[in-house]
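The numbering of the sequence shown is numbering that gives the first Met the number 0, which starts it at 0 and goes up by one. Built from N, CA and C at the ideal position, the CB exists for glycine as well.
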Amino acid sequence: MVASTRLRVLVVDDHPATAEATALMLTLDGHDIATANTGASGFAKAVTTQPDLVLVHVGLPDIDGYEVARQIQTLALSPKPFLVAVSGIGIEPDKPRCAQAGFDLCLTEPISPAHLESLADLLLIPKGLVARSRDIAARNRAAATSLMLRHIEIAHTLLDSAELSLIHALSERCIARATALHDRISTWLDIGACDDRRPKVVQALGELRARLFRDDAAAGTGCVSG
Numbered sequence: 000m001v002a003s004t005r006l007r008v009l010v011v012d013d014h015p016a017t018a019e020a021t022a023l024m025l026t027l028d029g030h031d032i033a034t035a036n037t038g039a040s041g042f043a044k045a046v047t048t049q050p051d052l053v054l055v056h057v058g059l060p061d062i063d064g065y066e067v068a069r070q071i072q073t074l075a076l077s078p079k080p081f082l083v084a085v086s087g088i089g090i091e092p093d094k095p096r097c098a099q100a101g102f103d104l105c106l107t108e109p110i111s112p113a114h115l116e117s118l119a120d121l122l123l124i125p126k127g128l129v130a131r132s133r134d135i136a137a138r139n140r141a142a143a144t145s146l147m148l149r150h151i152e153i154a155h156t157l158l159d160s161a162e163l164s165l166i167h168a169l170s171e172r173c174i175a176r177a178t179a180l181h182d183r184i185s186t187w188l189d190i191g192a193c194d195d196r197r198p199k200v201v202q203a204l205g206e207l208r209a210r211l212f213r214d215d216a217a218a219g220t221g222c223v224s225g
């Protein structure tokens, strides 16, 4: 494998045998591999190796994998390494947390050689195209966040209309539409479609939820779902 098709890979896992097995699979494909068994040593090796790809076990004993990802991003490496969160117990429920920490992908152990090979092939796309893809993803998250905040404003306007309306059916319809917007935003948050304004969205959504429950109790409509 020539240099142009070789990746610098860092494997951070507190189980040495797992780290070595992953490293061996990648080494056989010609990549340059470094391993670490703690979060602190993983961060230190990221400084010295400037990896293209980092596989981080989230359940590290000293610093958890989420914090390792955040620390690696403070290095402002160029290009930014592709960060993969790895868990042995299934990572589906933690996907929003992974996205917030800056991980690009979440995988569950054991990771098959085919998965590693496919991931490496993806990262060997010319650097400019990868950077462009990241930029598009970031702009999409920003647009989605702005839309979520706008939908929260619309939901409050609908609730204002419900309070002012003298027609019971119209009031019910406004509350139902506001509830639908609340549920849609909750779903978007769950899948990580949010930029660094996530705390603002979470707070605003909580305020909307509190108002929905209050208005629902007052109207007795039963429109609010959790």
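What would DSSP say about residue i, mapped onto helix, strand or coil?
i           : result
residue 57  : coil
residue 37  : coil
residue 135 : helix
residue 117 : helix
residue 123 : coil
residue 203 : helix
residue 17  : helix
residue 111 : coil
residue 308 : Lying before the first or after the last residue shown, residue 308 is absent from the chain, which here runs from 0 to 225.
residue 151 : helix
residue 2   : Bear in mind that the predicted position of residue 2 carries a pLDDT of just 39, short of 50, making it unreliable; the figure below should be weighed with that in mind. If DSSP states are grouped into helix, strand and coil, residue 2 belongs with the helices.
On a CA-only basis, which of the options is nearest residue i? Give me that one, please.
i           : options            : result
residue 157 : 179, 145, 57       : 179
residue 12  : 29, 5, 33, 6       : 33
residue 98  : 108, 72, 114, 113  : 72
residue 150 : 102, 201, 100      : 201
residue 95  : 176, 186, 108      : 186
residue 148 : 183, 137, 131      : 183
residue 66  : 107, 42, 79, 35    : 42
residue 18  : 136, 134, 176, 108 : 108
residue 154 : 211, 106, 136, 102 : 211
residue 123 : 160, 51, 133       : 51
residue 68  : 136, 81, 77        : 81
residue 137 : 45, 105, 101       : 101
residue 199 : 145, 190, 173, 74  : 145
residue 60  : 177, 5, 37, 181    : 37
residue 75  : 104, 45, 86        : 45
residue 87  : 70, 78, 77, 105    : 105
residue 110 : 25, 204, 205, 48   : 25
Since residue i sits in a beta bridge, which residues does DSSP pair it with?
i           : result
residue 81  : 52
residue 74  : According to DSSP, residue 74 bridges with nothing at all.
residue 32  : 8
residue 105 : 84
Please tell me whether residue i has its Cβ less than 8 Å away from any Cβ of chain B.
i          : result
residue 32 : Looking at the structure shown, chain B is missing, and only one protein chain is on hand.
When the Cβ atoms of the segment 187 to 199 are set against those of the segment 129 to 144, are three or more pairs found closer than 8 Å?
Yes: the two stretches touch, three or more of their Cβ pairs being nearer than 8 Å.
The segment 49 to 65 / the segment 8 to 22 touching (three or more Cβ pairs under 8 Å):
Yes, since at least three Cβ pairs between the segment 49 to 65 and the segment 8 to 22 fall closer than 8 Å, the two stretches touch.
Is there contact between the segment 161 to 168 and the segment 114 to 121, where contact requires at least three CB pairs shorter than 8 Å?
The segment 161 to 168 vs the segment 114 to 121: no contact.
Of all the alpha helix (DSSP H) runs that stay within the bounds of the segment 160 to 190, which reach a length of 4 or more residues?
Segments of the alpha helix (DSSP H) lying fully in the segment 160 to 190: 167 to 189.
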